[in-house]
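Visitor: The structure is given below, and queries will be raised subsequently.
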Amino acid sequence: MQPPRNARALRCVTLIIALALIFVPTSINASLPSSISTTVEGNELSSLHIQAFLSRYVCDHPPPILLDSWNDDVSQPGVTPYSPFRLDKYLVIQPECFSVPPPSPSIINDESLDHYTSLEIPPVLSIGIISAEKNTAHRLSIRSTWLNSAHSPENHKYFTHKFFLALPASERLSDLPLQVLLEAIYFRDIMIQPFPDSYLKTPIKSISLFDHGVRAVGAYYILRVNDDVYVDLDKVFEGLKSIVPSRVYGFLNVEGDEMRIPRPRYFGVEDGREGQERLLKENRAWTFLEEDYFSDAVPNFCQGNAIILSQDLAIKIATLKDMPWVRKERVADDILIAVTLGGGEFRRPDVGKIGYEHEGKFVRCNSGDGIWYNIHPEYFYALHENKISGQDWCHGLDEVLCCGIQ
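Residues -30 to -1, 1 to 376, numbered by mature numbering (1 follows the signal peptide of the UniProt record, and there is no 0), are exactly what the sequence shown covers, in order.
Have a look at this one:
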């Protein structure tokens, strides 16, 4: 049985598309740089169209306060002022449209991070969600479900979140799809990395994510999570409360001794860049070449779909951004993190069982009660509705959840 679709999310998607098609003025004929133009349903939208629409939209529809993590009122405890998406380079937005200072630059750099000093009362948890421009449905489902499903109202003020995306292939911010620009302005929770997006750049996104959590947020813990993962934040906070906040490294531990380093030749493909990239593109399978990772052994590591680090360990990962000699693009970030941390004894928060299978397989609903990996956005809503209604997690669901392949 298919899970019920969340009507609110569908309305939200429809609203974004409708706003783009209905409210964009079509009578304006002016030309600004062509790099800012885009196309919606075959209709060319000039940069001035986008300017006029987004300017009016932001003035008439200020971002709603859905969670403390979306709140720009920094006088409240546990609230971050970080609103990183800025389009005033392309848009005409009057300052009086904002009740708060304008957002920061959208592309992450040292200056934009250093601008945000430690908060008076930093949140306990900084959540960084690895995403891509095409995954709007994933982001909408996350905002509507597990980011908004902590039973305790107190838990909402304990965390902040950001989605980490990267530039399109053209490396021009203005070439991002219109729906992403609208989403960024409306929710103010999207951060753009200053490089073209690629699955191989995931480790660099992760490093930036931990750097943001340490320097810009100052959180006790930083959670790095993919956008096809469902997290029960109540379970996470419950697990964190029972352990000392240092040397914390979770969640799904993989014994390095039980893992064989994946080389392209093990998949019937010749070793080399071409074979490596083909496997990554077709199967989303990370493989390692000897020139990138010479050893045939790996340390114990936490599986990369969801990794939480305490601040003392996150600092070690954040410093990798200042080490150009460290190979970051061709080694999976979960292995890179484990090697950087150097082994030893770690504290692991108890979040219950984790539903996980490898890409292309299915996750059994009854195998998890804290975190589910690789699931389709539709199932986020079913899990969320069961949680807030007090039902069994798997109520109304088949035995398996969709695998999360894009």
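No residue lacks a Cβ here, since even glycine has one placed at the ideal position from N, Cα and C.
In chain order, what are the residue ranges of uninterrupted alpha helix (DSSP H) at least 4 long that sit wholly in the region 204 to 282?
Guide: Whole alpha helix (DSSP H) segments, 4+ residues: 243 to 253.
Visitor: Could you check how far apart the C-beta atoms of residue 209 and residue 282 are, in whole angstroms? I think they sit under 8 Å.
Guide: At roughly 18 Å, the Cβ-Cβ gap does not stay under 8 Å, so residue 209 and residue 282 are not in contact.
Visitor: If you follow the alpha helix (DSSP H) that residue 150 is part of, which residue opens it and which one closes it?
Guide: Taken as a continuous stretch (DSSP letters only), the alpha helix (DSSP H) holding residue 150 covers 148 to 157.
Visitor: Residues in its own chain within less than 6 Å of residue 366 by CB, not counting five upstream and five downstream?
Guide: Closer than 6 Å at the Cβ level, and outside the excluded window around residue 366, lies no residue.
Visitor: At which residues does the beta strand (DSSP E) containing residue 131 begin and terminate?
Guide: Looking at the DSSP string, the run of the beta strand (DSSP E) that includes residue 131 is 129 to 137.
Visitor: What's the call for residue 267, buried or exposed, on a 16-neighbour Cβ count within 10 Å?
Guide: Burial call: exposed.
Visitor: Between 271, 229 and 187, which has its C-alpha nearest residue 314's C-alpha?
Guide: Checking every option, the nearest Cα to that of residue 314 belongs to 271.
Visitor: Could you give the residue range of the beta strand (DSSP E) that holds residue 309?
Guide: First-last for residue 309: 303 to 311, but that is the alpha helix (DSSP H), not the beta strand (DSSP E).
Visitor: Which same chain residues, not among the five before or five after residue 231, have their C-beta less than 8 Å away from its C-beta?
Guide: Counting only Cβ-Cβ distances below 8 Å, and skipping sequence neighbours, we find 258, 263, 265, 266, 267 and 268.
Visitor: Rounding to the nearest angstrom, what Cα-Cα distance links residue 32 and residue 223 in this structure?
Guide: Note that residue 32 has pLDDT 42, beneath the 50 cutoff, so the model's placement of it is unreliable and the number below is only indicative. Near 42 Å, if we compare the C-alpha coordinates of residue 223 and residue 32.
Visitor: In the DSSP assignment, the alpha helix (DSSP H) including residue 353 goes from what residue to what residue?
Guide: Segment 347 to 359, the alpha helix (DSSP H) holding residue 353.
Visitor: Have a look at the DSSP bridge pairing and note the partners of residue 191.
Guide: Note: residue 191 sits in a beta bridge opposite 95 and 280.
Visitor: Sort out for me which residues DSSP pairs residue 161 with in a bridge.
Guide: Answer by DSSP bridge pairing, in chain order: 134.
Visitor: Leaving out five residues before and five after residue 217 in sequence, what residues of the same chain have Cβ atoms less than 6 Å from its Cβ?
Guide: Once the five neighbours on either side are set aside, the close Cβ partners of residue 217 are 316 and 317.
Visitor: Looking only at DSSP bridge pairs, what is residue 285 linked to?
Guide: Its beta-bridge partners do not exist; DSSP assigns none.
Visitor: Output yes or no for whether 7 Å exceeds the beta carbon distance between residue 380 and residue 96.
Guide: Nothing about residue 380 can be read from this structure; the chain reaches only from -30 to 376.
Visitor: Kindly indicate the opening and closing residues of the alpha helix (DSSP H) around residue 107.
Guide: Where residue 107 is concerned, the enclosing alpha helix (DSSP H) stretches over 106 to 114.
Visitor: Would you kindly check if the distance between the Cβ of residue 302 and the Cβ of residue 256 is under 7 Å?
Guide: Cβ atoms of residue 256 and residue 302: closer than 7 Å.
Visitor: Count the CB pairs spanning the region 128 to 143 and the region 160 to 180 that are closer than 8 Å, and state whether there are at least three.
Guide: Output reads yes: the region 160 to 180 touches the region 128 to 143.
Visitor: Residue 347 and residue 280 - do their beta-carbons sit closer together than 7 Å?
Guide: No; because the gap between Cβ atoms is not below 7 Å, this pair is not in contact.
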